[in-house]
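Numbering (our numbering), first residue to last: 10 to 494. A short write-up of the structure that comes next.
Written out as structure tokens, the structure reads:
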């Protein structure tokens, strides 16, 4: 049986290496082997910040199984697999062969290695066939598929459309100018995207419907329709240029059937409910796992020290910037190790960075991947989640603003509007769960390091949902006052 064979091979490999290992290697190995043998759908939730060495428990069953598989990896994980984990399997003592096929025509190749963009293209071309899907980092599946499906239209695309239909050049030029004036005159900061309502985009769609054939990406743009997609514009004022962008609200609905009637193994840290039988926008997503397992860490001996004063101003208070700077100074003062300050609001973040730099000098940097040992790095949540593997673990994390998505983001606003139209609780169904997942992923390394967490967002204590945040951080111990750390 595949499970027993994979279990034996992995156990022998780990015994030979003799290194301290992740506690769930053998359990993961047997789960993946069982899913591959039966063609089941299996969902495995890993603890936030799990040691990436868990990958070997995934690869051993792949090496021993005869089932055709599409392995979907991000670029970072792909490098880890090819440069770290794969050499462990092909050593003479291990004797395991895992051939990866990389290309557009896999034929009968057993393991087809794909990026998320390549997965979308393979699905559109009907090349997946009956291949089972193996998708690590499933907590990012929505975002990565959405990015793979995204469309962008820039100045060069307008020129290409004009060359394809010179008779419509004057109408296209007038339409381009009309949209451009609307976008460039928008009062929002030029660094922020400008959302476009369906009625703003309607003249463009009407014009495109009259022109055939359409060059790409215009043809795909027209085919996407209005429902379940959202459009926004970005600006480059110094060059008087702007671009249009379009993404689906729910990418797994656009790729309906991708996960249906096919074996699939999804592994991720804090995988959201939309991936396991939940209903994101009123429609099933096609994944009904036969097996759903949590592989968490053993209970921690020491709770996370949490500094979150009871009375803090709310982010919309005029006193909030001064509060951030004052508390930021107190938290950095006497701190011997690295401090990470996280907040997404650009104006607040840059102002806070400048204020801390005036106090602590060159120790303070903005989104730097090479900080001093006692440095202070200010950054966005998305930047930290993307780069934390390249940075030393901080001794303390200061949460200036909880990672609750802003309705000023066009994609978030469109998702919220879709839920509102269905009469659903958009905050507790979408914004809060996504924010809690980002928070847990962001502080996972701090918990293992034994560092300190400070939350300066007054909503933690001033809103009823703050209790959900505190529950997600358990176990923690309250710090009523600051001591040198």
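We put the beta carbon where it would ideally sit given N, CA and C, even for glycine.
Review point. Between residue 425 and the rest of its own chain, which residues show a CB-CB distance below 7 Å, the 5 nearest in sequence each way excluded?
Key: Within the chain shown, the letter at position 416 stands for residue 425. Cβ neighbours of residue 425 beyond the five flanking positions: 416, 435, 439.
Point to revise | Span separating the alpha-carbon of residue 451 from that of residue 169 | key: The residue you call residue 451 lines up with position 442 of the chain shown. The residue you call residue 169 lines up with position 160 of the chain shown. The alpha-carbon atoms of residue 451 and residue 169 are separated by roughly 43 Å.
Review point. Would the beta-carbon of residue 239 fall within 7 Å of that of residue 442?
Key: In the chain shown, the residue the question calls residue 239 occupies position 230. In the chain shown, the residue the question calls residue 442 occupies position 433. Taking 7 Å as the Cβ cut-off, residue 239 and residue 442 do not qualify as a contacting pair.
Review point. From residue 350 to residue 242, what does the alpha carbon distance come to, in whole angstroms?
Key: Locating residue 350 in the chain shown gives position 341, counting from the first residue. Locating residue 242 in the chain shown gives position 233, counting from the first residue. For residue 350 and residue 242, the distance between alpha carbons rounds to 29 Å.
Check your understanding: If you drop the 5 nearest sequence neighbours on each side, which residues of the same chain put their C-beta closer than 7 Å to that of residue 363?
Key -> Working through the chain shown from its first residue, we reach residue 363 at position 354. Closer than 7 Å at Cβ, skipping near neighbours: no residue.
**Study point:** Cutoff 6 Å; reference residue 389; Cβ partners in own chain excluding five residues on either side
**Key:** Here residue 389 refers to the residue found at position 380 when the chain shown is read from its first residue. Excluding sequence neighbours, residue 389 sits near 353.
Check your understanding: For residue 267, which beta-bridge partners are listed by DSSP?
Key -> For the purposes of this step, residue 267 is identified with residue 258 of the chain shown, where counting begins at 1. Looking at the DSSP assignment, residue 267 forms no beta bridge with any residue, so it has no partner.
Point to revise | Beta-carbon proximity check, residue 300 vs residue 51, cutoff 7 Å | key: As a first step, residue 300 must be located in the chain shown, where it is residue number 291. As a first step, residue 51 must be located in the chain shown, where it is residue number 42. Going by C-beta atoms, residue 300 is nearer than 7 Å to residue 51.
Review point. For the ligand PLP, is there a heavy atom less than 6 Å away from the beta-carbon of residue 220?
Key: This structure simply doesn't include the ligand PLP, nor any ligand for that matter.
Review point. By Cβ distance, which residues of its chain are closer than 7 Å to residue 61, with the 5 residues on each side in sequence left out?
Key: Here the question's residue 61 lines up with position 52 in the chain shown. Around residue 61: 89.
Point to revise | Spatial distance of residue 283 from residue 262 (CA atoms) | key: Residue 283 sits at position 274 when you count from the first residue of the chain shown. Residue 262 sits at position 253 when you count from the first residue of the chain shown. Low local confidence applies: a pLDDT of 48 at residue 283 is under 50, so the model's placement there is unreliable, and no value is given.
Review point. At a cut of 8 Å, does the stretch 176 to 185 reach the stretch 140 to 152 through at least three beta carbon pairs?
Key: no
Exercise for review: Report the rounded CA-to-CA distance for residue 402 versus residue 345, giving the unit in angstroms.
Suggested key: For this step, residue 402 is matched to residue 393 along the chain shown. For this step, residue 345 is matched to residue 336 along the chain shown. Distance between the alpha carbons of residue 402 and residue 345 is about 13 Å.
Point to revise | Pick from 409, 391, 303, 264 that is closest to residue 334, judged by C-alpha positions | key: Position 325 of the chain shown, counting from 1, holds the residue named residue 334. Comparing Cα-Cα distances from residue 334 to each of 409, 391, 303, 264, the minimum goes to 409.
Check your understanding: What are the partner residues of residue 109, as DSSP defines its beta bridges?
Key -> In the chain shown, counting from the first residue as 1, residue 109 sits at position 100. Looking at the DSSP assignment, residue 109 forms a beta bridge with 120.
Check your understanding: Roughly how many whole angstroms lie between the Cα atoms of residue 384 and residue 164?
Key -> The residue given as residue 384 occupies position 375 in the chain shown. The residue given as residue 164 occupies position 155 in the chain shown. Near 42 Å, if we compare the C-alpha coordinates of residue 164 and residue 384.
**Study point:** Own chain, CB closer than 8 Å to residue 458, minus 5 neighbours either side, in chain order
**Key:** The count along the chain shown starts at 1 and reaches residue 458 at position 449. 402, 403, 404.
Practice item. Kindly indicate which residue of 209, 264, 223, 177 has the alpha-carbon position closest to the one of residue 253. Key: Mapped onto the chain shown, residue 253 falls at position 244. The residue with the shortest Cα to Cα distance from residue 253 is 209.
Exercise for review: Identify whether residue 293 lies in helix, strand or coil by the three-state DSSP scheme.
Suggested key: Within the chain shown, the letter at position 284 stands for residue 293. Caution is warranted here: a pLDDT of 37 is assigned to residue 293, below 50, making its placement in the model unreliable, and the coordinate value is therefore given only provisionally. Under the three-state reduction of DSSP output, residue 293 falls in the strand class.
Point to revise | Reduced DSSP category for residue 24 - H, G, I as helix; E, B as strand; rest coil | key: By one-based count along the chain shown, residue 24 stands at place 15. Three-state result, residue 24: helix.
Review point. Between the Cα of residue 466 and the Cα atoms of 147, 336, 398, 112, which residue gives the shortest distance?
Key: Within the chain shown, numbered from 1, the residue matching residue 466 stands at position 457. Proximity to residue 466 across 147, 336, 398, 112 peaks at 336, based on C-alpha coordinates.
Point to revise | Runs of alpha helix (DSSP H) lying entirely within the stretch 399 to 472, each at least 4 residues, in chain order | key: Those alpha helix (DSSP H) runs which fall completely within the stretch 399 to 472 and span 4+ residues are 419 to 430, 441 to 458, 468 to 471.
Exercise for review: Kindly confirm or deny that the stretch 104 to 115 and the stretch 72 to 80 touch, where touching means at least three C-beta pairs closer than 8 Å.
Suggested key: yes
Check your understanding: Identify the residues that DSSP records as bridge partners of residue 50: which are they?
Key -> The residue given as residue 50 occupies position 41 in the chain shown. Answer by DSSP bridge pairing, in chain order: 273.
Practice item. Give the C-beta separation of residue 83 and residue 26 to the nearest angstrom, bearing in mind that I take them to be a contact with Cβ-Cβ under 8 Å. Key: Position 74 of the chain shown, counting from 1, holds the residue named residue 83. Position 17 of the chain shown, counting from 1, holds the residue named residue 26. Not quite, the Cβ-Cβ distance comes to about 25 Å (not below 8 Å), so this is no contact.
Practice item. Starting from the C-beta of residue 423, find all residues in its chain whose C-beta is less than 7 Å away, skip the five residues before and the five after it, and write them out in chain order. Key: The residue given as residue 423 occupies position 414 in the chain shown. Cβ within range, chain order: 239, 258.
Exercise for review: Less than 8 Å between the CB atoms is what I'm expecting for residue 496 and residue 411, so what's the real figure, rounded?
Suggested key: Past the boundaries of the shown model lies residue 496; the chain is included only from 10 to 494, so the question cannot be answered.
Review point. What first and last residue would you give for the alpha helix (DSSP H) that runs through residue 132?
Key: Position 123 of the chain shown, counted from the first residue, corresponds to residue 132. It spans 125 to 133 - the alpha helix (DSSP H) in which residue 132 sits, taken as one unbroken run.
Review point. Any idea what DSSP makes of residue 483, helix, strand or coil?
Key: What you label residue 483 is simply residue 474 of the chain shown in a count that begins at 1. In the structure shown, residue 483 sits in coil (DSSP, three-state: anything other than H, G, I, E or B).
**Study point:** Beta-carbon spacing of residue 302, residue 41 below 7 Å
**Key:** For this step, residue 302 is matched to residue 293 along the chain shown. For this step, residue 41 is matched to residue 32 along the chain shown. For residue 302 and residue 41, no; Cβs fall outside 7 Å.
Check your understanding: Is the stretch 92 to 102 in contact with the stretch 114 to 134, if contact means three or more CB pairs nearer than 8 Å?
Key -> In this structure the stretch 92 to 102 does not touch the stretch 114 to 134; the number of beta carbon pairs closer than 8 Å is below three.
Point to revise | Residue of 304, 340, 365 minimising C-alpha distance to residue 31 | key: As a first step, residue 31 must be located in the chain shown, where it is residue number 22. If we check each option's Cα against that of residue 31, 304 comes out closest.
Check your understanding: In chain order, what residues of the same chain lie with their CB nearer than 8 Å to the CB of residue 218, ignoring the 5 residues before and after it?
Key -> Position 209 of the chain shown holds residue 218. Taken in chain order, the residues that qualify are 231.
**Study point:** Contacting residues, own chain, Cβ-Cβ under 6 Å from residue 366 (five flanking each side not counted)
**Key:** If you number the chain shown from 1, residue 366 lands on position 357. Only 373 meet the Cβ criterion.
Review point. Is it true that the CB of residue 53 sits closer than 7 Å to the CB of residue 268?
Key: Indexing the chain shown from 1 puts residue 268 at position 259. Indexing the chain shown from 1 puts residue 53 at position 44. No, the Cβ-Cβ distance between residue 268 and residue 53 is not below 7 Å.
Check your understanding: Leaving out five residues before and five after residue 199 in sequence, what residues of the same chain have Cβ atoms less than 6 Å from its Cβ?
Key -> The residue given as residue 199 occupies position 190 in the chain shown. So the qualifying residues of the chain are 244, 246.
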